[in-house]
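Undergrad:
2 protein chains.
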Amino acid sequence: MSAQQHIKPTESELEILNVLWQQGSATVREVHEKLALKKEVGYTTTLKLMQIMLDKGLVSREVSGKTHVYTPEVDKEKTQGQIMQRMIETMFNGSAMQMVMQALGNHKATKAELDMIRDYLDKKSKK
Amino acid sequence: MSAQQHIKPTESELEILNVLWQQGSATVREVHEKLALKKEVGYTTTLKLMQIMLDKGLVSREVSGKTHVYTPEVDKEKTQGQIMQRMIETMFNGSAMQMVMQALGNHKATKAELDMIRDYLDKKSKK
DNA sequence: GCTCATCTACGAATATATTCGTACACGAAT
DNA sequence: ATTCGTGTACGAATATATTCGTAGATGAGC
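From first to last, the protein sequence lines stand for chains A and B. Heads up, the first sequence is in our numbering, so the first residue is -7 and it goes up one at a time. Heads up, the second sequence is in our numbering, so the first residue is -7 and it goes up one at a time.
1. Is it the case that the Cβ atoms of S4 (chain A) and L39 (chain A) are separated by a distance below 7 Å?
2. Can you pull the chain A residues whose beta carbon is under 9 Å from the beta carbon of Y112 (chain B), in chain order?
3. T82 (chain A) touches chain B at which residues, Cβ-Cβ below 9 Å?
4. Out of curiosity, what's the CA-to-CA distance linking S56 (chain B) and K30 (chain B)?
5. Can you give me, in chain order, the residues of the region 21 to 42 of chain A that have a beta carbon less than 7 Å from any beta carbon in chain B?
6. Helix, strand or coil for S4 (chain B), going by three-state DSSP, please let me know.
7. Would DSSP call E81 (chain A) helix, strand or coil?
8. Identify the contact partners of I44 (chain B) in chain A, using a Cβ-Cβ distance below 9 Å as the criterion.
9. Cα separation between D67 (chain A) and W13 (chain A)?
10. Does DSSP put V11 (chain A) in a helix, in a strand, or in coil?
11. Specify the secondary structure class of H24 (chain A) as computed by DSSP and reduced to three states.
12. If you check the beta carbons only, do V51 (chain A) and Y62 (chain A) fall under 7 Å apart?
13. Give a yes or no on whether the C-beta atoms belonging to A88 (chain B) and A88 (chain A) are separated by under 7 Å.
14. Measuring only between beta-carbons, confirm whether I109 (chain B) sits less than 7 Å from chain A.
15. Pick out whichever of B:K103, B:E105, B:M91 and B:A104 has its Cα sitting closest to the Cα of M108 (chain A).
16. Using three-state DSSP, classify E54 (chain B) as helix, strand or coil.
17. Can you say whether T71 (chain A) is buried or exposed, counting buried as having 16 or more other CB atoms within 10 angstroms of its CB?
18. Report buried or exposed for H(-2) (chain A), applying the criterion of at least 16 other Cβ atoms within 10 angstroms of its Cβ.
19. By alpha-carbon positions, which one of A:K58, A:H60, A:G97 and A:E32 ends up nearest to Q74 (chain B)?
20. For V66 (chain A), which of helix, strand or coil comes out of DSSP?
21. So which of A:M83, A:Q43, A:F84 and A:A104 has the shortest CA-CA distance to P64 (chain A)?
22. Does the distance from the C-beta atom of Q82 (chain B) to that of L6 (chain A) stay below 7 Å?
23. Excluding the 5 residues preceding and the 5 following T59 (chain A) in the sequence, name in chain order all residues of the same chain whose CB lies nearer than 6 Å to its CB.
24. Once DSSP output is grouped into helix, strand and coil, what is the label at V33 (chain A)?
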């Protein structure tokens, strides 16, 4: 069990975490290149952010030759859960269901997606 | 149709909007009292925030005696939708379903809640 | 009219997040 | 050994969000 308190990554930090979660671990350059696909951002900006994240304990790193390889230190599901929870409280008066319905209503979900959710609910009910 | 662009309320602004959405409209005092239930905050802080929100067009107001009565000017569903969408993009790689499953998984939903979601999905499938 | 409680206006301090320039380290290629 | 491309470190500017103190307006009750 890793030490996780009440960490609240910022929006930018989340974007970086998301890359790391997908890749497992990555260099600043790799993360930067991913981010650059979606928005304009300077390399040193990404670098600085990742250094801050190291400071906060959101990531760890390890030297590899001349570069550093970063690894996420916060759990994806747990972090996402905390953020969702917060959102559910401030916007949906504590009702996850209300949020889910909002999300499903606003989003054009495919039949396959809906079926998957239904299956998921079935399994969850049985537990 | 009200004019709504790419407004991005802050966390604090959302808390206020949420009160207004529930009440329809309210004075600063009323909003403040609601917020004070959940966290410590000064009256003038709430006041200032609501003035800023007026500036941004998130709310409108109308004089009533010596006080102002504020009314939300952004649509609840639309605003929530925008925020969810943003979240879905940055954290769930664009998949609403992924987010829904995360929300349901992390949150202790009651059986009744799960049933309601199921019903909702059923209706949605038929359309 | 005077006082008191309550209201708005708004500047300004503080906190937090984001961005980037500049300096310097290092290794590979010439 | 010099140069060049690529790396990190980090201060500092800027942007954004939050908080609150203080000043002055206003109306109710005396």
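Note that the Cβ used here is the ideal one computed from N, Cα and C, for glycine as well.
TA: Looking at the coordinates:
1. Mapped onto the first sequence, residue 4 (chain A) falls at position 12. Mapped onto the first sequence, residue 39 (chain A) falls at position 47. It is not a contact, given that the beta carbons lie outside the stated cut-off.
2. Mapped onto the second sequence, residue 112 (chain B) falls at position 120. Those are M89, V92, M93, L96 and G97, listed as they occur along chain A.
3. For the purposes of this step, residue 82 (chain A) is taken as the residue at position 90 of the first sequence. Under the 9 Å cutoff, chain B gives E3, L6, E7 and N10.
4. As a position in the second sequence, residue 56 (chain B) is number 64, starting the count at 1. As a position in the second sequence, residue 30 (chain B) is number 38, starting the count at 1. So the two alpha carbons sit approximately 27 Å from each other.
5. none
6. Here residue 4 (chain B) corresponds to residue number 12 of the second sequence, with the count starting at 1. Helix at S4 (chain B).
7. Indexing the first sequence from 1 puts residue 81 (chain A) at position 89. Correct three-state label for E81 (chain A): helix.
8. Within the second sequence, the letter at position 52 stands for residue 44 (chain B). Near I44 (chain B) there are no residues of chain A at all, since even the closest Cβ is about 18 Å away, more than 9 Å.
9. As a working note, residue 67 (chain A) is residue 75 in the first sequence. As a working note, residue 13 (chain A) is residue 21 in the first sequence. If you take the alpha carbons of D67 (chain A) and W13 (chain A), they lie about 9 Å apart.
10. Mapped onto the first sequence, residue 11 (chain A) falls at position 19. Helix at V11 (chain A).
11. Start at 1 with the first residue of the first sequence, and residue 24 (chain A) comes out as number 32. Reduced to three states, the DSSP call for H24 (chain A) is helix.
12. Your numbering for residue 51 (chain A) matches position 59 in the first sequence. Your numbering for residue 62 (chain A) matches position 70 in the first sequence. In this structure, Y62 (chain A) lies closer than 7 Å to V51 (chain A) by Cβ.
13. Along the second sequence, one-based indexing puts residue 88 (chain B) at 96. Along the first sequence, one-based indexing puts residue 88 (chain A) at 96. Their beta carbons are not under 7 Å apart, which means A88 (chain B) does not touch A88 (chain A) by this criterion.
14. Locating residue 109 (chain B) in the second sequence gives position 117, where the first residue counts as 1. So yes, I109 (chain B) belongs to the interface.
15. As a working mapping, residue 108 (chain A) is identified with position 116 in the first sequence. Of B:K103, B:E105, B:M91 and B:A104, the residue nearest in Cα terms is B:M91.
16. Stepping through the second sequence from its first residue, residue 54 (chain B) is reached at position 62. Note: E54 (chain B) maps to strand in three-state DSSP.
17. As a first step, residue 71 (chain A) must be located in the first sequence, where it is residue number 79. Buried, by the Cβ-count rule.
18. By 1-based counting over the first sequence, the position of residue -2 (chain A) is 6. By the neighbour-count rule (16 or more Cβ atoms within 10 Å), H(-2) (chain A) is not buried but exposed.
19. Sequence index remark: in the second sequence, residue 74 (chain B) carries index 82 (1-based). With distances taken between Cα atoms, Q74 (chain B) lies closest to A:G97.
20. The sequence position of residue 66 (chain A) within the first sequence is 74, counting from 1. DSSP places V66 (chain A) in coil when its eight states are reduced to three.
21. Here the question's residue 64 (chain A) lines up with position 72 in the first sequence. It is A:Q43.
22. On the second sequence, residue 82 (chain B) is found 90 positions in, with the first residue counted as 1. On the first sequence, residue 6 (chain A) is found 14 positions in, with the first residue counted as 1. The sequence shown places Thr at residue 82 (chain B), rather than the Gln named in the question. Yes.
23. In the first sequence, the residue the question calls residue 59 (chain A) occupies position 67. Closer than 6 Å at the Cβ level, and outside the excluded window around T59 (chain A), lie T19.
24. Counted from its first residue, the first sequence places residue 33 (chain A) at position 41. V33 (chain A) falls in the coil class under three-state DSSP.
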